[in-house]
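Chemist: First, the structure itself, so that you have it in front of you.
Number of protein chains: 2
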Amino acid sequence: MSCVQKVNSRVLGIRAPSGLQALAARITEEIKQGTLKPFKRVIDLSSNDPHRAEMAPISFVRQVLAACLYPEIIKENSLPLDVRQRARELLGACLGGSVGSYSATPYGIPHVIKSIAEFITGRDGGVKSHSENIIFSSGSQKTLEMVFNLMADVEGKTQRGVLTPMPCPHTLPPLLDMSGLTLVPYQLKEDRGWAVDLDELHRALNSARGRCEPMAIYISNPGNPTGHVQDRKTMKEVICFAATEGLVLLAEEVYQDSVYGGDREFISYKKVLFEMDKSFSETVELVSFHSISSPCMGECGLRGGYMEVINMDPAVFQHLKQLQATSSPTILPQLALDVMVNPPTLGDPSYETYSQEIRHTLTTLSHNALRACEFLNNVPGMSCQPGAAGIFLYPCLHLPPQMIEEAKGLGVEADVLYCQRLVEEEGLCLGAGCENGQEDQNYHVRLCVLAPPATLDEVLTRLCSFNHPKQLLDAVQKCSVMCLVHYNCRSEDS
Amino acid sequence: MSCVQKVNSRVLGIRAPSGLQALAARITEEIKQGTLKPFKRVIDLSSNDPHRAEMAPISFVRQVLAACLYPEIIKENSLPLDVRQRARELLGACLGGSVGSYSATPYGIPHVIKSIAEFITGRDGGVKSHSENIIFSSGSQKTLEMVFNLMADVEGKTQRGVLTPMPCPHTLPPLLDMSGLTLVPYQLKEDRGWAVDLDELHRALNSARGRCEPMAIYISNPGNPTGHVQDRKTMKEVICFAATEGLVLLAEEVYQDSVYGGDREFISYKKVLFEMDKSFSETVELVSFHSISSPCMGECGLRGGYMEVINMDPAVFQHLKQLQATSSPTILPQLALDVMVNPPTLGDPSYETYSQEIRHTLTTLSHNALRACEFLNNVPGMSCQPGAAGIFLYPCLHLPPQMIEEAKGLGVEADVLYCQRLVEEEGLCLGAGCENGQEDQNYHVRLCVLAPPATLDEVLTRLCSFNHPKQLLDAVQKCSVMCLVHYNCRSEDS
């Protein structure tokens with residue numbers, strides 16, 4: 012019997028994980044221990060984790076961080092001049108000239124925060140970003156957690172809620188649970204490429220009122236896991252909706268660096284807000300999030316992100332800052348953020364390599380997404396909306412009724428059962444749509460497409476074999492055609 | 012008017028920071044901008060932050076991390092062989108062989124967790140530590156936050172509480188506030204070198220019951236900020252107390268690597284617990300904390316720590332693990348932890364350098380602490396208990412009644428007022444005792460003594476000048492004598 016006789020009810024309320032990643036890890040361990048399986052290794056493409064899939068990091072980021080950690084190598088001249096200069100500059104911004112000191116302010120190193128503000132200003136065509144509105148933290152989940160902690164009401168009688176897209180990033184539902192905020196779902200329109208629909212926002216809001224007090228609307232643009240990129244018209248509608256309904260607009264914009272759909276472009280919510288008249292641009296409370304876990308950086312293991320907070324009541328914002336002040340933020344991911352927002356420019360020694368590496372990532376992403384989408388639409392029992400940005404595809408599963416029944420019997424979601432079998436039989440781990448918040452009778456899987464093309468080939472072959480073994484030969488033949496396409500892409504790229 | 016009309020009452024309840032560090036930073040910025048001050052720079056020794064004070068990092072840690080970040084430098088052979096081997100080994104433990112991937116499990120990289128368990132087992136003379144009881148997180152504050160979140164009760168009618176030493180680490184009170192736990196103070200005995208007193212524990216507990224439901228007792232050993240090292244007898248008493256009263260024992264043991272008091276040694280609470288009979292060793296719930304921000308590592312900016320959880324009810328422990336699972340932990344500090352718990356050994360190429368650097372840190376710490384303590388006891392208006400471990404001294408301020416009155420008039424704590432003046436007039440930032448949770452009429456300051464000896468000289472001179480300008484000459488003369496002592500220490504050290 013524990014001294015903690017009764018665990019915090021909020022902790023008890025955190026939804027249980029699907030266990031798929033744990034299953035994949037267990038099978039990997041079994042193979043290591045010598046168990047024979049019909050596959051040599053498990054491929055896990057359930058997360059936004061390009062380095063796990065063996066995509067290479069951006070050299071400039073790694074060189075600068077290595078030099079900051081061990082400044083002796085700056086002296087050796089083996090690193091490019093701009094790497095050494097940047098490392099010196101960043102060390103100069105660290106207290107005591109060391110990455111081992113605490114951060115100069117709880118909100119981030121002033122030098123880095125200034126770089127971020129300049130980046131935002133440039134990105135948004137001159138709409139000024141102010142350092143004092145920016146807060147660094149250990150990744151966008153941690154930043155969101157702060158905002159949720161601010162909004163939650165531990166003593167109020169009505170629960171507070173956040174309008175949340177279905178599907179949403181798979182890390183979001185447990186965060187809401189932990190903060191004690193109610194997830195108020197609004198459905199994205201799959202048949203329109205996962206667009207936001209204004210009528211659906213109103214429906215969701217109205218259905219929530221009474222049940223809880225909606226405080227904010229969460230937007231993921233470009234969409235995680237949908238790959239959808241919102242257009243200006245929709246964004247204006249969302250802003251008007253937030254303004255009219257008195258909601259804070261939480262814009263997760265982590266995939267802003269990876270739009271590959273030819274006719275789409277990323278526009279930030281802040282930019283659109285400041286194109287609108289003052290009744291909006293001076294009042295709508297906007298928090299936007301970005302991170303070094305973005306597809307082009309892919310530095311998920313470093314854990315670093317920031318939020319920019321616009322139009323928040325200064326007293327409320329002060330409390331948000333105080334939440335951050337309870338623990339000093341980590342240094343290295345701040346330095347990585349500095350590199351991300353202020354990369355080498357034309358004429359710098361590292362410019363060519365840097366640009367080529369970014370181009371390679373985007374080309375791989377774009378070709379993989381196109382190829383995988385076409386393929387998935389040919390797999391029996393699957394259909395897939397094309398993506399235009401970000402790291403995931405999110406195909407629909409048309410599951411046979413027997414499997415849905417079987418899942419019910421086993422007490423798991425049918426998409427989880429599908430994914431379990433896929434890991435067990437083919438050694439392929441995808442994310443189950445229920446992790447992205449989706450409910451019954453609407454089954455999807457989440458597939459990270461930023462991986463070396465050969466890995467993607469293997470993944471598609473396994474998927475096809477699993478979904479329809481008899482058509483494997485056909486599919487493999489199709490694969491070969493696609494490999495040719497992909498070969499051409501690679502030639503073009505190099 | 013904000014959409015967040017009512018900020019989470021828990022956030023509103025976080026105590027405001029003293030503002031001393033912000034004041035120090037502002038004056039530093041003014042000097043940079045050209046404002047003339049009676050000092051050239053502000054020295055901030057208010058935190059446990061040796062690198063800020065320009066103590067050098069441990070080379071082996073930095074070399075390994077740099078090589079993991081940018082594996083190209085492994086090929087260059089300029090780094091010692093054991094650095095290159097360790098980097099390869101650690102990269103092999105990272106998914107996809109990259110520090111940019113998410114952690115293999117939410118609790119930490121299995122390879123690192125295993126190293127930690129082996130370290131604990133060795134340290135405790137063979138008392139077995141099990142990997143599954145260890146959880147990594149971004150520093151011991153974050154680890155504590157998890158435990159506090161588990162214990163807090165958002166819905167219960169009675170508040171829950173934690174017995175907390177006075178003084179306690181200055182980061183602790185805001186963490187308790189944020190979790191909604193009541194700080195139940197127990198006084199350490201200053202006249203006995205800040206020892207824990209059993210009668211006082213009973214008094215504190217009894218006075219709390221009714222007001223709140225005490226869930227845990229927090230111990231800092233070696234003491235932050237007191238420098239006290241507990242003896243086995245006291246530790247057994249504390250364990251019996253926790254057992255009898257049904258409290259979880261939270262043992263912060265971050266300063267275990269830095270005992271310098273000749274007659275003292277660090278013994279872990281776990282070791283003592285397992286020396287006791289089964290009615291204790293199999294029942295008392297113990298969570299112990301360690302971190303790479305320990306004095307010998309001093310890698311505060313990396314943010315990494317772990318907790319070992321003993322005898323916790325498995326269902327409760329599962330919930331603690333689930334809290335960690337809401338966000339993937341950062342990789343590099345895990346690798347730094349691996350180096351800390353598994354350093355080079357005799358015969359390894361880096362052994363000599365590593366040992367010498369650790370010895371230098373401990374010698375500096377020990378001589379500085381001795382020197383500063385003797386000095387502070389000679390400063391009019393101050394008295395200081397000797398430290399035996401850790402990074403701080405915690406002298407008492409005997410403030411003149413006028414100053415206490417003046418502080419009351421200004422609405423600040425008198426120790427904060429003292430420290431404000433000290434920053435403004437002498438450019439020296441110390442921590443105010445009220446940040447360590449201490450109440451009225453009992454004024455102290457917190458001084459980090461792990462700094463280069465020349466910096467400490469300057470600090471003591473400024474302190475003396477501030478407390479008693481007329482005796483400055485005397486003091487400076489004493490300083491010179493001490494510098495001689497310190498010179499001898501250094502010769503001995505090198």
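Line order of the protein sequences matches chains A and B.
Per the numbering used here, residue 12 is the first one in the first sequence, and the count goes up by one each step.
Per the numbering used here, residue 12 is the first one in the second sequence, and the count goes up by one each step.
For each residue, glycine too, the CB sits at the ideal point set by N, CA and C.
None of these values were measured; they are calculated from a predicted model.
For a contact defined as C-beta to C-beta under 9 Å, what are the partners of Lys-86(A) on chain B?
Modeler: Mapped onto the first sequence, residue 86(A) falls at position 75. The contacting residues do not exist; Lys-86(A) stays about 11 Å from chain B at best.
Chemist: With a cut-off of 8 Å, do at least 3 Cβ pairs link the stretch 111-129 of chain A to the stretch 305-315 of chain B?
Modeler: Because the criterion of three Cβ pairs below 8 Å is met, the stretch 111-129 of chain A and the stretch 305-315 of chain B touch.
Chemist: Give the secondary structure of Leu-261(B) by DSSP, where H, G and I count as helix, E and B as strand, and everything else as coil.
Modeler: Sequence index remark: in the second sequence, residue 261(B) carries index 250 (1-based). In the structure shown, Leu-261(B) sits in a strand (DSSP, three-state: E or B).
Chemist: Along chain A, which residues have their Cβ under 8 Å away from the Cβ of Cys-311(B)?
Modeler: Translated into positions along the second sequence, residue 311(B) becomes position 300. Ordered by position in chain A, the residues that pass the 8 Å Cβ test against Cys-311(B) are Gly-111, Ser-112, Tyr-113 and Ser-339.
Chemist: Determine, using beta carbons only, whether Met-226(A) and Pro-196(A) come nearer to each other than 8 Å.
Modeler: Against the first sequence, residue 226(A) aligns to sequence position 215. Against the first sequence, residue 196(A) aligns to sequence position 185. Not a contact, by the Cβ cut-off of 8 Å.
Chemist: At a Cβ threshold of 8 Å, is Lys-332(A) touching chain B?
Modeler: Along the first sequence, one-based indexing puts residue 332(A) at 321. It does not: the Cβ of Lys-332(A) has no partner Cβ on chain B nearer than 8 Å.
Chemist: How about Ser-305(B) and Ser-269(B): are their beta carbons less than 8 Å apart?
Modeler: As a working note, residue 305(B) is residue 294 in the second sequence. As a working note, residue 269(B) is residue 258 in the second sequence. In contact: Ser-305(B) and Ser-269(B) (Cβ atoms closer than 8 Å).
Chemist: Please classify Thr-372(B) as buried or exposed, where buried requires at least 16 other C-beta atoms within 10 Å of its C-beta.
Modeler: Counted from its first residue, the second sequence places residue 372(B) at position 361. Looking at its Cβ environment, which holds 16 or more other Cβ atoms inside 10 Å, Thr-372(B) is buried.
Chemist: Taking Met-318(B) as part of the beta strand (DSSP E), name the residues at either end of that continuous run.
Modeler: Position 307 of the second sequence, counted from the first residue, corresponds to residue 318(B). Segment 316-321, the beta strand (DSSP E) holding Met-318(B).
Chemist: Just verifying my parser: in three-state terms, what is the DSSP assignment at Ile-539(A)?
Modeler: Any property of residue 539(A) remains undetermined from this structure, which presents chain A solely from 12 to 505.
Chemist: Contact criterion: CB-CB distance below 8 Å. Does Lys-17(A) meet it with respect to chain B?
Modeler: Here residue 17(A) refers to the residue found at position 6 of the first sequence. Yes, contact with chain B.
Chemist: Below 9 Å on C-beta distance, what does Ala-262(A) contact in chain B?
Modeler: Taking the first sequence and counting its residues from 1, one reaches residue 262(A) at position 251. Ordered by position in chain B, no residue passes the 9 Å Cβ test against Ala-262(A), which lies about 14 Å from the chain.
Chemist: Taking Cβ-Cβ distances below 8 Å as the criterion, which residues of the stretch 132-165 of chain B are in contact with chain A?
Modeler: Within the stretch 132-165 of chain B, the qualifying residues are Ser-149, Gly-150, Gln-152, Lys-153, Glu-156, Asn-160, Leu-161, Met-162, Ala-163, Asp-164 and Val-165.
Chemist: Should Asp-55(B) be labelled buried (16 or more other beta-carbon atoms within 10 Å of its own) or exposed?
Modeler: What you label residue 55(B) is simply residue 44 of the second sequence in a count that begins at 1. Buried, since its Cβ has 16 or more Cβ neighbours within 10 Å.
Chemist: Using a Cβ cut-off of 7 Å, pull out every chain A residue sitting near Glu-65(B), in sequence order please.
Modeler: Along the second sequence, one-based indexing puts residue 65(B) at 54. Gly-107, listed in chain order.
Chemist: Is DSSP giving Val-6(B) helix, strand or coil here?
Modeler: Outside the shown range of chain B (12 to 505) lies residue 6(B), about which nothing can therefore be said.
Chemist: Establish whether the CB of Met-287(B) and some CB of chain A are separated by less than 8 Å.
Modeler: Locating residue 287(B) in the second sequence gives position 276, counting from the first residue. Judged by the 8 Å Cβ criterion, Met-287(B) is not in contact with chain A.
Chemist: On the three-state DSSP scale, how would you describe Ser-89(A)?
Modeler: As a working note, residue 89(A) is residue 78 in the first sequence. Ser-89(A) falls in the coil class under three-state DSSP.
Chemist: Under 7 Å Cβ-Cβ, which residues of chain A neighbour Tyr-81(B)?
Modeler: Working through the second sequence from its first residue, we reach residue 81(B) at position 70. Those within 7 Å of Tyr-81(B) in chain A are Arg-73, Gln-74 and Ala-77.
Chemist: Based on Cα-Cα distance, which residue from Ile-42(A), Asn-353(A), Thr-154(A) and Lys-125(A) lies nearest to Thr-182(A)?
Modeler: As a working note, residue 182(A) is residue 171 in the first sequence. If we check each option's Cα against that of Thr-182(A), Thr-154(A) comes out closest.
Chemist: Which residue from Ala-36(B), Ile-69(B), Ser-29(B) and Arg-37(B) puts its Cα closest to that of Arg-370(B)?
Modeler: The residue you call residue 370(B) lines up with position 359 of the second sequence. It is Ile-69(B) whose Cα lies nearest to the Cα of Arg-370(B).
Chemist: Which one of Glu-450(B), Thr-132(B) and Cys-440(B) has the shortest CA to CA distance from Glu-5(B)?
Modeler: One cannot answer for residue 5(B) here, as it falls past the ends of chain B, which runs 12 to 505.
Chemist: May I have the straight-line CA-CA distance separating Ile-415(B) from Met-66(B), to the nearest angstrom?
Modeler: Here the question's residue 415(B) lines up with position 404 in the second sequence. Here the question's residue 66(B) lines up with position 55 in the second sequence. Looking at the two C-alpha atoms, the distance is approximately 36 Å.
Chemist: Using only the alpha-carbon positions, how far apart do Lys-281(A) and Ser-299(A) sit?
Modeler: Looking up residue 281(A) in the first sequence gives position 270. Looking up residue 299(A) in the first sequence gives position 288. Whole-angstrom Cα-Cα distance: 8 Å.
Chemist: Output, in chain order, the set of chain A residues within a Cβ distance shorter than 7 Å of Pro-185(B).
Modeler: Residue numbering aside, residue 185(B) sits at position 174 when the second sequence is read from its first letter. Correct list: Thr-337.
Chemist: From Gly-119(B), Ile-228(B), Val-72(B) and Ile-84(B), pick the residue whose C-alpha is nearest to that of Val-249(B); which is it?
Modeler: If you number the second sequence from 1, residue 249(B) lands on position 238. It is Ile-228(B) whose Cα lies nearest to the Cα of Val-249(B).
Chemist: Please go through the stretch 112-158 of chain B and give each complete alpha helix (DSSP H) segment of 4 or more residues, from N-terminal end onward.
Modeler: The stretch 112-158 of chain B contains these whole alpha helix (DSSP H) runs: 121-134.
Chemist: In terms of residues, what are the limits of the alpha helix (DSSP H) holding Phe-277(A)?
Modeler: If you number the first sequence from 1, residue 277(A) lands on position 266. Careful: Phe-277(A) lies outside any alpha helix (DSSP H) and carries neither H nor E.
Chemist: Alpha carbon to alpha carbon, how far is Thr-375(A) from Tyr-266(A)?
Modeler: Residue mapping note: residue 375(A) aligns to position 364 of the first sequence, counting from 1. Residue mapping note: residue 266(A) aligns to position 255 of the first sequence, counting from 1. The straight-line gap from Cα to Cα measures roughly 15 Å.
Chemist: In the DSSP assignment, find the beta strand (DSSP E) that holds Ala-64(B) and state where it starts and stops.
Modeler: In the second sequence, counting from the first residue as 1, residue 64(B) sits at position 53. Per DSSP, Ala-64(B) belongs to no beta strand (DSSP E) and is neither H nor E.
Chemist: Between Gly-234(B), Ile-84(B) and His-122(B), which has its C-alpha nearest Thr-175(B)'s C-alpha?
Modeler: Residue numbering aside, residue 175(B) sits at position 164 when the second sequence is read from its first letter. Minimum Cα distance to Thr-175(B) is reached at Gly-234(B).
Chemist: Compute the distance between the beta-carbons of Leu-441(B) and Leu-433(B), then report whether it is under 8 Å.
Modeler: Within the second sequence, numbered from 1, the residue matching residue 441(B) stands at position 430. Within the second sequence, numbered from 1, the residue matching residue 433(B) stands at position 422. Contact: yes.
Chemist: Would you mind sorting Ser-338(A) into buried or exposed? The rule is 16 or more other CB atoms within 10 Å of its CB.
Modeler: As a first step, residue 338(A) must be located in the first sequence, where it is residue number 327. It is buried - the Cβ of Ser-338(A) has at least 16 other Cβ atoms within 10 Å.
Chemist: Counting beta carbon pairs with one atom in the stretch 376-387 of chain B and one in the stretch 74-93 of chain B, are three or more of them shorter than 8 Å?
Modeler: Segments in contact, no.
Chemist: How big is the Cα-Cα spacing for Gln-333(B) and Val-259(A)?
Modeler: Here residue 333(B) corresponds to residue number 322 of the second sequence, with the count starting at 1. Here residue 259(A) corresponds to residue number 248 of the first sequence, with the count starting at 1. Their backbone Cα atoms lie some 28 Å apart in a straight line.
Chemist: Measuring CB to CB, does Pro-406(A) end up less than 8 Å from Leu-387(A)?
Modeler: Within the first sequence, residue 406(A) is the residue found at index 395, counting from 1. Within the first sequence, residue 387(A) is the residue found at index 376, counting from 1. In this structure, Leu-387(A) lies closer than 8 Å to Pro-406(A) by Cβ.
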